[in-house]
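In the working numbering, the protein residues as written are 5 to 252.
Have a look at the structure below before the remarks.
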Amino acid sequence: MEWSIQEIARRAGTTSRTLRHYGDIGLLAPSRTAANGYRYYDQDALVRLQRILLLRELGLSLPAIKDVLEGQRDPSVALRTHLRLLEQERERIGRQITSVRTTLHRIEEGEELMAEDVFDGFDHTRYEQEVTERWGREAYERGDRWWRGLGEEERAEFLGVHDAIARDYGEARAAGLGPGSDEVQEIARRHCAWLSVTAEVTRPYVTGLAEMYVSDPRFARNYDRHGDGTAVFVRDALTIHAQHRLPG
């Protein structure tokens with residue numbers, strides 16, 4: 005089966021002139037040229053054109069694309085490489101969408117923005133070394149696999165649950181409730197349930213994380229934007245919950 009240059013140009017979202025240029029520079033030769041000069045392309049040419057368009061999307065110049073194609077003559081191997089790059093790009097865009105949605109939500113709710121919020125989701129691997137040092141390589145890889153497996157809406161929903169928990173802590177503190185009160189301990193229970201999605205929730209894990217909420221300014225700001233002192237309030241609530249409700 006073969007297609008005319010006009011058909012291929014229309015389906016690929018390009019022009020016949022561009023395809024002729026690709027042929028002139030040795031990048032995409034037609035599989036056949038009819039007596040009237042019309043160019044036709046077979047399946048192999050279609051696959052090569054797809055690879056050209058993918059590499060153009062990645063920002064490569066035409067000479068660079070030609071070198072790549074000459075160096076990768078097995079189309080299956082090349083397409084697997086392209087597929088991996090596209091999946092990585094899809095994941096990157098998905099993280100950016102989640103970040104923008106979080107930012108939009110906080111703007112509409114009148115909440116203060118932090119740089120960590122605005123750029124959260126652009127590169128979650130920036131915590132790789134820190135998580136590995138604190139809780140081990142297995143803990144990081146488990147959380148990383150889980151996060152990568154989520155869809156765009158699932159990521160936004162997961163972050164939204166934590167936003168609600170943090171807001172409830174702030175409101176409870178403002179209402180004068182103590183960290184050991186039944187109402188606040190229920191928030192701490194929800195918090196631990198949220199944490200359990202990516203980690204084994206034990207007493208040492210939760211108390212260590214609670215301390216980090218206060219000692220690490222990045223985390224403290226996430227809670228203190230709901231009222232100064234909320235991070236300390238969260239630490240105390242989680243510590244009480246861990247001591248009485250979680251295994252050692």
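Heads up, the beta-carbon is just placed ideally off N, CA and C, and yes, glycines get one too.
Predicted model only: the values in this text are computed from it and were never measured.
Which two residues bound the contiguous beta strand (DSSP E) that contains residue i?
i	result
ASP46	43-46
SER8	6-8
Leaving out five residues on either side along the sequence, give the residues of the same chain with a beta carbon under 6 angstroms from the beta carbon of residue i.
i	result
ASP46	GLU6, SER35
ILE12	TYR45
ARG14	none
VAL205	CYS196, LEU199
ALA214	ARG239, LEU242, THR243
Compute the beta-carbon to beta-carbon distance between residue i and residue j, rounded to the nearest angstrom, for a pair I have assumed lies under 8 angstroms.
i	j	result
ALA224	ALA241	ALA224 to ALA241, Cβ: 15 angstroms. No contact.
LEU32	ALA49	7 angstroms
ALA203	GLY153	Not confirmed; about 15 angstroms, so no contact.
Return the chain-ordered list of same chain residues with a C-beta closer than 7 angstroms to the C-beta of residue i, the five sequence neighbours on each side being excluded.
i	result
ALA246	ARG207, VAL210, THR211
GLY231	GLY174, ARG177, ALA178
ALA16	LEU53, LEU57
TYR217	PHE223, ALA224, TYR227, ALA235, VAL238, ARG239
ILE169	ILE191, ARG194, HIS195, TRP198
LEU23	ILE9, ILE12, ALA13, LEU32
Starting from residue i, trace the alpha helix (DSSP H) in both directions and tell me its first and last residue.
i	result
SER219	207-219
ASP186	186-199
PRO67	66-75
THR243	234-249
LEU22	In the sequence under discussion, the amino acid at residue 22 is Thr, which differs from the Leu named in the question. Segment 20-28, the alpha helix (DSSP H) holding THR22.
Report buried or exposed for residue i, applying the criterion of at least 16 other Cβ atoms within 10 angstroms of its Cβ.
i	result
GLN189	buried
ILE97	exposed
THR106	buried
SER103	buried
TYR173	buried
LEU53	buried
TYR42	exposed
VAL81	exposed
ILE111	exposed
ARG141	exposed
Can a CB atom of chain C be found closer than 8 angstroms to the CB of residue i?
i	result
ASP46	Absent from the structure: chain C. Only one protein chain is present.
Can you give me the Cβ contacts of residue i inside the same chain, cut-off strictly under 8 angstroms, excluding the 5 residues immediately before and after it?
i	result
GLY252	THR206, ARG207, PRO208
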